[in-house]
Each structure stands twice: as C-alpha cells, then as structure tokens.
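Numbering (my numbering), first residue to last: 17 to 337.
Okay, so here's the structure we're looking at.
Spelled out as structure tokens, the structure:
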C-alpha cells in the first residue's frame, strides 16, 4: 500500500546544499575551534616549508646570483634545462635513479608486505611484540650511524668483506666497486626500514573482520588459502595506495645516504639525481642549474603519480584522487 501523500515513482527529495557565508564560517569555527587549533601547526608547516618555497622555482630560469636575489638575477629562460639535457651526466643520473628506485620497488615493497603477512600469522602475542620491536629499532638509528656501520662492515678488513672474500677471494673495499654499490644500498635500506614500513600493513590487517576467517575455515580453507582469499583482498586497497605513493617517488631517492656512502669510484652506478643536484647547487654554487634539475625531477614524479593513480583506479577501483 502507498502512504498518503506519495505517488508511484516519486523522486527522492533533493539534498539541500549548505551555502557558506561569513556567519556560517564563524559558527563552524565556534563549534570546531579545538580541532582547528590542533590542525593549525600542520597547515602552517606546509605553507611555510612547501608552498612559500615554490616561489624559488623561478631560479630554474635564471643565472641565479645570491647577491642579486631571485628578482634581480639575470633571466636565461630554458638554458639551464638545455645545459642539463646536453651534459654527459644527464642520462647517467636518470638511469641510476630509475634503476635504484626499481630495485627498491621490486625488492623492498613485496618483502615488506610479506613480512606483515607473516607477522600477522604469529599467534603468540609475546613473540609478535618482540619481532615488531626488533624490526622497528633500526629505523630510529641515525643515517650517519647506519652508513658508518656499513662502511666498517664493507671495508677491506670488515666482517662482510671477510665473509665474501672467503668465498670469492676478493678482499677489496666493497664500497669501492661499482657493481657492489646498489646491492649494498638496497639490502641496508631494507634492513633499516622493513619494520617501520610494515606498520601500515599490520594496522590494515588488524582491521579485517575475523568472521571472514572463521567462515573460510568452516568452508575448508587451509591457512595459505585464507591468506590468499581473505587477508590479501582485505588489505588490497592499502597496498594499492602505498604502491601509488611509491611510484610517485620513483625519482626522489634521498640524497643523504647516497652522499654518505658514495665516492668518485662508484659515480657510474651511485650518482643519482638528488646527489647530482646537491653537488651542483650547494657544493658548486650553481643554484639555477640545480633548481632546474630539481624541477624536472618533480615534474616526472608528478607524471608518474598521475599515471599510477589512473592505472590503479582502472583495474582495482582504488586511488588517491
């Protein structure tokens, strides 16, 4: 039966759109002032350290001179970009950056997910917490200390060099060999960041409905099948978001570890965009050239982020935007 006042096929009532005015804004502020104060430091941080410095991108089109400032420095157009793309270092640093990023993505990303899955299968709370604590600890060690440990272990008389030398007969400093630099970088990075990077997956795993596991067990699924059919689909959205973010940072490998570890002997494989920008801009004082390379780096990262997001939304319906 129909209710009085209703007709068949009647359209749903239109949603009333709230119009914002200074009065409504003031009311919202009075209602949510505590939350706004809490988020204010983060907003100020991004404005001061991320948005205001974007004005410095103008240096990419100048022969920047500190005594003349950004406004007074001579304008050179795209000359800095032309110098970079025409230099012998251009494709070397781009290639090294992409290769190292791909190695990190292909090795560290799946191992981090696998570690979180294995950790989730540990039934003993005591052992689980112990493993978590031990895996988190390297992340909080200073990068300078970590690189110092690497250099000591990989020196000609270091522990790792001695083990490798006993097998290969080569006791030379491992960091002086271009072929060793990338494996050392990736393995040490995995050791340092494995536990911390797995936190978000562990949190996502904790949010999976346990009744799904019970239903799968009743249906006869073994442990591996439960992981395959329940656990992985349950964190797939998180995996895709993290993958998109990681692809969007393909060209932004941190320069700190690279600069601390590399030397002129391994520039052929170790020199990446961020270390190249550091040398050109800060050590050689060519700020306009360094800004141009950094701008190119950011544009490529943004392009990769958009492409990865579009592909993810097409095939998994998960995306950042």
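All C-beta atoms, glycine included, are put in the ideal place defined by N, C-alpha and C.
None of the values given here were measured: they were computed from a predicted structure.
(message) In the DSSP assignment, the alpha helix (DSSP H) including residue 117 goes from what residue to what residue?
(response) Taking the chain shown and counting its residues from 1, one reaches residue 117 at position 101. Here the alpha helix (DSSP H) through residue 117 covers 106-119.
(request) May I ask which residues mark the beginning and end of the alpha helix (DSSP H) holding residue 330? (result) Numbered from 1 along the chain shown, position 314 holds the residue referred to as residue 330. 303-332 is the span of the alpha helix (DSSP H), which, as asked, contains residue 330.
(message) For residue 107, tell me which candidate among 335, 332 and 288 has the shortest Cα-Cα distance.
(response) Within the chain shown, residue 107 is the residue found at index 91, counting from 1. Checking every option, the nearest Cα to that of residue 107 belongs to 288.
(request) Could you name the residues of the same chain whose beta carbon sits closer than 8 Å to that of residue 303, not counting the 5 residues immediately before and after it, in chain order? (result) To locate residue 303, count along the chain shown from 1; it is residue 287. Taken in chain order, the residues that qualify are 75, 80, 82 and 297.
(message) Quick check: residue 73 and residue 307, are their CB atoms within less than 8 Å of each other?
(response) Walking along the chain shown from the start, residue 73 turns up at place 57. Walking along the chain shown from the start, residue 307 turns up at place 291. Against a cut-off of 8 Å, the Cβ pair of residue 307 and residue 73 comes out as a contact.
(request) Taking only the alpha-carbon atoms, compute the straight-line gap between residue 153 and residue 231 and give it to the nearest angstrom. (result) Looking up residue 153 in the chain shown gives position 137. Looking up residue 231 in the chain shown gives position 215. For residue 153 and residue 231, the distance between alpha carbons rounds to 37 Å.
(request) Identify the continuous alpha helix (DSSP H) that holds residue 126 and give its terminal residues. (result) Within the chain shown, the letter at position 110 stands for residue 126. Where residue 126 is concerned, the enclosing alpha helix (DSSP H) stretches over 125-136.
(message) My output table needs one value for residue 336: the three-state DSSP class, helix, strand or coil.
(response) Looking up residue 336 in the chain shown gives position 320. In this structure, residue 336 counts as coil in the three-state DSSP scheme.
(request) Pick helix, strand or coil for residue 22, following the three-state DSSP scheme. (result) Against the chain shown, residue 22 aligns to sequence position 6. Low confidence applies to residue 22: its pLDDT is 47, below 50, so where it sits in the model is not reliable enough to give any reading.
(message) Suppose contacts are defined by Cβ-Cβ distances below 8 Å. Is residue 158 in contact with residue 211 by that definition?
(response) Here residue 158 refers to the residue found at position 142 when the chain shown is read from its first residue. Here residue 211 refers to the residue found at position 195 when the chain shown is read from its first residue. Not a contact, by the Cβ cut-off of 8 Å.
(request) Quick one: give me the first and last residue of the alpha helix (DSSP H) that residue 257 is part of. (result) Here residue 257 refers to the residue found at position 241 of the chain shown. Residues 252-263.
(message) Quick check: the region 265-272 against the region 116-131, are at least 3 beta-carbon pairs closer than 8 Å?
(response) yes
(message) Quick check on residue 61: buried or exposed, where buried means 16 or more other Cβ atoms within 10 Å of its Cβ?
(response) Here residue 61 refers to the residue found at position 45 when the chain shown is read from its first residue. Residue 61 should be labelled exposed.
(request) Flag this pair as yes or no: are the beta carbons of residue 286 and residue 218 separated by less than 8 Å? (result) By 1-based counting over the chain shown, the position of residue 286 is 270. By 1-based counting over the chain shown, the position of residue 218 is 202. In this structure, residue 218 does not lie closer than 8 Å to residue 286 by Cβ.
(message) Given this structure, state the Cα-to-Cα distance separating residue 277 from residue 196, to the nearest angstrom.
(response) Counting from one through the chain shown, the residue named residue 277 turns up at place 261. Counting from one through the chain shown, the residue named residue 196 turns up at place 180. If you take the alpha carbons of residue 277 and residue 196, they lie about 12 Å apart.
(request) Please say whether residue 322 and residue 192 have beta carbons closer to each other than 8 Å? (result) Here residue 192 refers to the residue found at position 176 of the chain shown. Here residue 322 refers to the residue found at position 306 of the chain shown. No, Cβ-Cβ distance for residue 192 and residue 322 is not below 8 Å.
(request) Keeping to the same chain, check which residues put their C-beta closer than 8 Å to that of residue 169; ignore five residues upstream and five downstream. (result) Along the chain shown, read from residue 1 onward, the residue named residue 169 stands at position 153. Cβ within range, chain order: 175, 176 and 177.
(message) Whole angstroms are fine: how far does the CA of residue 55 sit from the CA of residue 233?
(response) Taking the first residue of the chain shown as position 1, residue 233 is located at position 217. Taking the first residue of the chain shown as position 1, residue 55 is located at position 39. If you take the alpha carbons of residue 233 and residue 55, they lie about 44 Å apart.
(message) Report the start-end ranges of each alpha helix (DSSP H) in the region 154-241 that is 4 residues or longer and not cut off at the edges.
(response) 159-169, 175-184, 194-213, 215-222 and 226-234
(request) Tell whether a beta-carbon distance below 8 Å holds between residue 221 and residue 247. (result) On the chain shown, position 205 is the one that residue 221 refers to. On the chain shown, position 231 is the one that residue 247 refers to. In this structure, residue 247 lies closer than 8 Å to residue 221 by Cβ.
(message) So for residue 61, helix, strand or coil by DSSP?
(response) As a position in the chain shown, residue 61 is number 45, starting the count at 1. If DSSP states are grouped into helix, strand and coil, residue 61 belongs with the helices.
(message) Measuring straight from C-alpha to C-alpha, what distance separates residue 77 and residue 91?
(response) Sequence index remark: in the chain shown, residue 77 carries index 61 (1-based). Sequence index remark: in the chain shown, residue 91 carries index 75 (1-based). Taking the straight line joining both Cα atoms gives about 6 Å.
(request) Would you check if the distance between the CB atom of residue 171 and the CB atom of residue 189 is smaller than 8 Å? (result) Residue mapping note: residue 171 aligns to position 155 of the chain shown, counting from 1. Residue mapping note: residue 189 aligns to position 173 of the chain shown, counting from 1. Contact: yes.
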